[in-house]
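A.B. asks: Residue numbers (the numbering used here), protein chains in the order written: chain H, 533 to 646; chain B, 700 to 812.
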């Protein structure tokens with residue numbers, strides 16, 4: 533089947549610390565991989581994506597590399613800020629997207645303290 | 700519109716009441732999805748529309764849940780005889796035809812007392 537497993541939270545870091553949130557997946561096809569972020573009281577926003585093996589998605593200082601050999605898409609940021617406090621969801625999507633082909637992890641809550 | 704718009708943002712219902720949640724997708728997005736997000740969980744698929752046709756409703760948890768999109772734009776998710784376990788955030792998303800990237804609305808948070 534199709535599923536996403538991500539690191540359990542919550543994660544608490546000091547400002548400027550290095551962040552890694554692990555994500556692994558299983559998929560019946562060749563998925564696209566995503567990280568979505570959900571700030572308090574808001575909906576999910578696309579943070580970054582990668583559509584094929586070895587692609588690196590990046591945005592706002594966050595990066596993740598599509599690793600087919602390890603079925604992973606770990607999220608990293610070199611220096612977190614208080615404003616990065618949010619819940620992060622790893623997800624996969626199969627193409628074409630015509631129904632139930634988008635699968636989310638359970639989310640990892642990140643709190644960055646000054 | 701510029702983004703996916705959902706209303707109401709917050710809804711409190713007494714057990715047994717019917718509720719209706721509205722989604723206005725991005726203009727031109729033919730595909731529309733509804734998801735349910737329980738507290739501390741990731742979104743779970745409910746149903747999918749392509750234009751006005753409901754092509755997948757495999758995620759609707761019971762026959763109390765009903766969704767429609769009569770003119771292929773605005774969609775309404777209706778929950779009849781609400782139960783406490785229906786308390787969740789209901790997310791609407793749309794996407795551009797031929798892509799597999801979802802754009803989400805801010806969600807409607809339903810609390811059933």
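For glycine and all other residues, C-beta sits at the position ideal for the given N, C-alpha and C.
1. Can you say whether residue 737 of chain B is buried or exposed, counting buried as having 16 or more other CB atoms within 10 angstroms of its CB?
2. Is it the case that the stretch 553-566 of chain H contacts the stretch 779-790 of chain B, given that we only count it when at least three CB pairs across the two stretches are under 8 Å?
3. Below 8 Å on C-beta distance, what does residue 747 of chain B contact in chain H?
4. At 3 residues or longer, what runs of the beta strand (DSSP E) sit wholly inside the stretch 700-725 of chain B?
5. For a cutoff of 8 Å on Cβ pairs, would you count residue 642 of chain H as touching chain B?
6. In whole angstroms, give me the CA-to-CA distance for residue 627 of chain H and residue 797 of chain B.
7. Run the CB neighbour count on residue 600 of chain H, radius 10 Å, all protein chains shown included, and call it buried at 16 or more, exposed below.
8. Could you give the DSSP three-state label for residue 587 of chain H: helix, strand or coil?
9. Pairing CB atoms from the stretch 712-730 of chain B with CB atoms from the stretch 760-777 of chain B, are three or more of them under 8 Å?
10. Who are the Cβ neighbours of residue 773 of chain B in its own chain at under 6 Å, not counting the five residues just before and after it?
11. Nearest chain B C-beta to residue 540 of chain H closer than 8 Å, yes or no?
12. Could you tell me whether the stretch 604-623 of chain H touches the stretch 568-578 of chain H, using the rule of 3 or more Cβ pairs below 8 Å?
13. Buried or exposed for residue 633 of chain H, going by 16 or more other Cβ atoms inside 10 Å?
14. So, helix, strand or coil for residue 729 of chain B, using DSSP?
C.D. replies: Short version:
1. Taking the second chain and counting its residues from 1, one reaches residue 737 of chain B at position 38. Result: exposed.
2. no
3. As a working mapping, residue 747 of chain B is identified with position 48 in the second chain. Residues of chain H passing the Cβ test: 630, 631 and 632.
4. 704-706, 709-712 and 718-723
5. Along the first chain, one-based indexing puts residue 642 of chain H at 110. No, residue 642 of chain H lies away from the interface with chain B (no Cβ there is under 8 Å from its Cβ).
6. The residue given as residue 627 of chain H occupies position 95 in the first chain. The residue given as residue 797 of chain B occupies position 98 in the second chain. Distance between the alpha carbons of residue 627 of chain H and residue 797 of chain B is about 8 Å.
7. Taking the first residue of the first chain as 1, we reach residue 600 of chain H at position 68. Residue 600 of chain H comes out exposed.
8. Locating residue 587 of chain H in the first chain gives position 55, where the first residue counts as 1. Coil at residue 587 of chain H, not helix or strand.
9. yes
10. As a first step, residue 773 of chain B is located in the second chain; it is residue number 74 there, counting from the start. So the list reads 723, once near-sequence residues are dropped.
11. As a working note, residue 540 of chain H is residue 8 in the first chain. Chain B, which has no Cβ nearer than 8 Å to the Cβ of residue 540 of chain H, makes this no.
12. yes
13. Taking the first residue of the first chain as 1, we reach residue 633 of chain H at position 101. Counting Cβ neighbours within 10 Å, residue 633 of chain H comes out buried, since at least 16 surround it.
14. Translated into positions along the second chain, residue 729 of chain B becomes position 30. In this structure, residue 729 of chain B counts as coil in the three-state DSSP scheme.
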